[in-house]
Amino acid sequence: IWKVSVDANGYGKPQNLGSNVTNEVKPTNATVSSGKKNYLGKISHKVVLNDTGSNKETYHIEIESDEEINYESGDALGVFPKNKEAEIQAIATYFKEENYSILADKNIRGLSKKSLEAFSKLFEIEITEEKANLLDIIQKYQPKKVKLDDVVALLLPIAPRLYSISSSSEAHDGQVHLTVNVNKFKVDDEIKTGLASEFLADFSLDEQLEFYIHKNQNFRLPNEETDVIMIGPGTGIAPFRSFLAERDVTGAEGKNWLFFGEQHFVLDFYYQTEIQEWLTTGVLTKLDTAFSRDQERKIYVQDRIREKAKEFNSWIENGASIYICGQKNPMSQDVEQAIVEVLSQERNISNEKAKQILEELENQGKYQKDVY
Numbered sequence: 047i048w049k050v051s052v053d054a055n056g057y058g059k060p061q062n063l064g065s066n067v068t069n070e071v072k073p074t075n076a077t078v079s080s081g082k083k084n085y086l087g088k089i090s091h092k093v094v095l096n097d098t099g100s101n102k103e104t105y106h107i108e109i110e111s112d113e114e115i116n117y118e119s120g121d122a123l124g125v126f127p128k129n130k131e132a133e134i135q136a137i138a139t140y141f142k143e144e145n146y147s148i149l150a151d152k153n154i155r156g157l158s159k160k161s162l163e164a165f166s167k168l169f170e171i172e173i174t175e176e177k178a179n180l181l182d183i184i185q186k187y188q189p190k191k192v193k194l195d196d197v198v199a200l201l202l203p204i205a206p207r208l209y210s211i212s213s214s215s216e217a218h219d220g221q222v223h224l225t226v227n228v229n230k231f232k233v234d235d236e237i238k239t240g241l242a243s244e245f246l247a248d249f250s251l252d253e254q255l256e257f258y259i260h261k262n263q264n265f266r267l268p269n270e271e272t273d274v275i276m277i278g279p280g281t282g283i284a285p286f287r288s289f290l291a292e293r294d295v296t297g298a299e300g301k302n303w304l305f306f307g308e309q310h311f312v313l314d315f316y317y318q319t320e321i322q323e324w325l326t327t328g329v330l331t332k333l334d335t336a337f338s339r340d341q342e343r344k345i346y347v348q349d350r351i352r353e354k355a356k357e358f359n360s361w362i363e364n365g366a367s368i369y370i371c372g373q374k375n376p377m378s379q380d381v382e383q384a385i386v387e388v389l390s391q392e393r394n395i396s397n398e399k400a401k402q403i404l405e406e407l408e409n410q411g412k413y414q415k416d417v418y
């Protein structure tokens with residue numbers, strides 16, 4: 047994975063967020079995947095957003111295509127990750143098969159309990175894991191050598207992965223940006239990495255990348271006069287960078303309030319330079335940050351919402367739209383609970399009534415979530 051120098055603001059160098067394409071990539075003819083148009087492009091620029099010493103590894107990735115990429119703020123980009131060659135080669139070699147390309151598009155990571163039960167029968171062994179990678183199973187249990195075709199028959203195709211777009215087509219002409227955290231987790235004290243995030247983190251600048259745009263009609267900016275409250279900790283900042291860039295370039299009159307959180311201010315303040323500029327110019331009306339590990343007591347975005355209860359409620363009463371993006375569990379539930387408590391407290395109503403108000407806002411399109 048690339049090592050990129052990062053400045054004291056937590057933003058990667060070089061900071062030229064509009065790098066030119068050096069190698070031409072010819073556009074593909076319009077093809078269809080689940081009814082969506084596929085594009086061919088290339089990653090023209092990538093940079094790590096965390097400073098040295100961070101627990102996180104989050105990338106700003108810029109993609110370009112010779113073909114016009116049609117997207118709106120709030121949309122997601124779908125990628126088709128492929129397995130690492132060394133991993134599928136190791137599996138094929140174990141089964142004495144030279145053609146490992148048949149594994150390239152098969153899901154061999156994070157196999158479900160149901161899939162592992164099927165492999166237990168095929169290999170005639172007892173697999174105790176609830177979830178595991180195929181190569182790890184092979185290395186641990188050394189199952190009997192069956193035909194690789196029989197193994198492949200039990201594997202599902204790799205599903206495309208969606209990432210919230212962090213650019214605005216109005217502000218970032220001809221580009222689409224992503225904010226991708228490399229997903230790392232432990233299995234038996236060994237660090238494992240998520241397939242799609244590792245695929246993008248390792249992707250060469252010179253290779254063609256196939257992708258599509260996933261339209262998200264339920265996560266759209268309101269009219270230009272409406273105020274917006276954006277709650278996006280971690281990579282949940284992605285669509286709100288898009289929102290702010292669009293509201294900046296279009297001169298939208300509505301006020302903008304951003305809640306952002308991560309672990310450390312110095313190490314993990316994504317897009318800090320841009321956010322500070324938006325504050326200076328007035329595009330961003332208010333900013334509240336929560337860096338959970340910069341003090342003994344962990345502070346999260348929901349704590350900041352409670353601290354600003356009176357003003358938060360006032361914005362909603364004045365017609366502001368609320369947006370949440372990021373982890374569904376527990377973040378979005380915790381944030382929603384905080385909003386309910388704020389409405390209950392400030393309006394002197396029951397929690398049940400406050401929940402009804404939030405449901406009504408959701409039905410009206412005034413409360414929108416993009417959570418995963």
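Using this note's numbering, you'd call the opening residue of the sequence shown number 47 and step up by one each time. Even for Gly, the Cβ is constructed at its ideal location relative to N, Cα and C.
Reduced DSSP category for residue i - H, G, I as helix; E, B as strand; rest coil
{"i": "LYS49", "result": "Low confidence applies here, because LYS49 scores a pLDDT of 29, under 50, leaving its location unreliable; read the following figure in that light. Here LYS49 sits in coil by DSSP."}
{"i": "VAL388", "result": "helix"}
{"i": "PHE231", "result": "strand"}
{"i": "THR296", "result": "helix"}
{"i": "SER367", "result": "strand"}
{"i": "ASP314", "result": "helix"}
{"i": "VAL381", "result": "helix"}
{"i": "ILE275", "result": "strand"}
{"i": "TYR346", "result": "coil"}
{"i": "VAL197", "result": "helix"}
{"i": "ALA205", "result": "coil"}
{"i": "SER396", "result": "coil"}
{"i": "LEU267", "result": "coil"}
{"i": "GLU236", "result": "strand"}
{"i": "LEU123", "result": "strand"}
{"i": "ASN96", "result": "coil"}
{"i": "SER288", "result": "helix"}
{"i": "GLN402", "result": "helix"}
Alpha-carbon to alpha-carbon, residue j and residue i
{"i": "ASN62", "j": "ASP112", "result": "At ASN62 the pLDDT is 32, less than 50, meaning the model places this residue with poor confidence and gives no usable figure here."}
{"i": "ILE368", "j": "LYS186", "result": "48 Å"}
{"i": "GLY280", "j": "GLU144", "result": "42 Å"}
{"i": "ASN262", "j": "PRO285", "result": "11 Å"}
{"i": "GLN341", "j": "VAL388", "result": "24 Å"}
{"i": "THR77", "j": "TYR346", "result": "Annotation note: pLDDT 38 at THR77 (below 50); position unreliable, no value reported."}
{"i": "ASP8", "j": "LEU325", "result": "The structure shown does not extend to residue 8, since the chain is modelled only from 47 through 418, so no value can be given for it."}
{"i": "GLY372", "j": "PHE289", "result": "15 Å"}
{"i": "ASN116", "j": "SER215", "result": "8 Å"}
{"i": "SER65", "j": "SER250", "result": "With a pLDDT of 31 at SER65, under the threshold of 50, the modelled position of that residue is not reliable, and the figure given next carries that caveat. The straight-line gap from Cα to Cα measures roughly 15 Å."}
{"i": "ILE109", "j": "GLN318", "result": "21 Å"}
{"i": "GLU271", "j": "ILE403", "result": "22 Å"}
{"i": "PHE126", "j": "LEU208", "result": "9 Å"}
{"i": "ALA242", "j": "GLN221", "result": "20 Å"}
{"i": "ALA199", "j": "SER166", "result": "14 Å"}
{"i": "ASP196", "j": "PHE141", "result": "10 Å"}
{"i": "ILE154", "j": "ILE204", "result": "8 Å"}
{"i": "GLY411", "j": "PRO189", "result": "53 Å"}
{"i": "GLU176", "j": "SER158", "result": "7 Å"}
{"i": "ILE107", "j": "GLU299", "result": "29 Å"}
{"i": "ALA54", "j": "VAL94", "result": "Below a pLDDT of 50, predicted positions are generally treated as unreliable, and ALA54, at 32, falls in that range; no measurement from the model is reported."}
{"i": "ASP182", "j": "TYR105", "result": "27 Å"}
{"i": "ALA366", "j": "ARG393", "result": "16 Å"}
{"i": "ASN264", "j": "VAL386", "result": "21 Å"}
{"i": "GLN135", "j": "TYR146", "result": "5 Å"}
{"i": "PRO206", "j": "ASN409", "result": "29 Å"}
{"i": "GLU114", "j": "GLY124", "result": "16 Å"}
{"i": "LYS49", "j": "ASN359", "result": "Per-residue confidence for LYS49 stands at a pLDDT of 29, beneath the threshold of 50, marking its modelled position as unreliable; no derived number is given."}
Beta-bridge pairing of residue i - partner residues as DSSP gives them
{"i": "GLN116", "result": "Note that residue 116 is Asn in the sequence shown here, rather than Gln. Paired residue(s): none; ASN116 is not in a bridge."}
{"i": "GLU256", "result": "LEU86"}
{"i": "VAL226", "result": "TYR105"}
{"i": "ALA336", "result": "GLY307"}
{"i": "HIS91", "result": "GLU108"}
{"i": "ASN302", "result": "VAL274"}
{"i": "VAL417", "result": "GLY372"}
Residues near residue i in its chain [Cβ-Cβ closer than 8 Å; skip 5 each side]
{"i": "PHE337", "result": "GLY307, GLU308, GLN309, HIS310, PHE311, ASP314, PHE315, ILE345"}
{"i": "ALA217", "result": "ALA291, GLU292, ASP294, VAL295"}
{"i": "GLU172", "result": "SER166"}
{"i": "GLU118", "result": "SER215, LYS261, ARG266"}
Cβ-based neighbour list, residue i, same chain, cut-off 6 Å, excluding 5 preceding and 5 following
{"i": "ALA384", "result": "GLN348, ILE351, ARG352"}
{"i": "ARG266", "result": "GLY120"}
{"i": "LYS238", "result": "PHE231"}
{"i": "LEU202", "result": "ASN153"}
{"i": "GLY240", "result": "ASN229"}
Spatial neighbours of residue i in its chain, beta-carbon cut-off 7 Å, leaving aside the 5 residues before and after
{"i": "VAL329", "result": "LEU290, ARG293, ASP294, ASN302"}
{"i": "ASP334", "result": "PHE305, ARG350, LYS354"}
{"i": "ILE370", "result": "ILE277, SER378, VAL381, LYS415, VAL417"}
{"i": "GLU170", "result": "LYS190"}
{"i": "ASN75", "result": "Unreliable placement is indicated for ASN75, whose pLDDT of 34 sits below 50; no coordinate value is reported for it."}
Closer than 9 Å to chain C by CB, residue i
{"i": "LEU267", "result": "You won't find chain C in this structure, because it holds only one protein chain."}
(request) Kindly provide the ranges of any beta strand (DSSP E) runs that are 3 or more residues long and lie completely inside the segment 127-180, ordered along the chain. (result) Listed in chain order, nothing qualifies, since the segment 127-180 has no complete beta strand (DSSP E) run of 3 or more residues.
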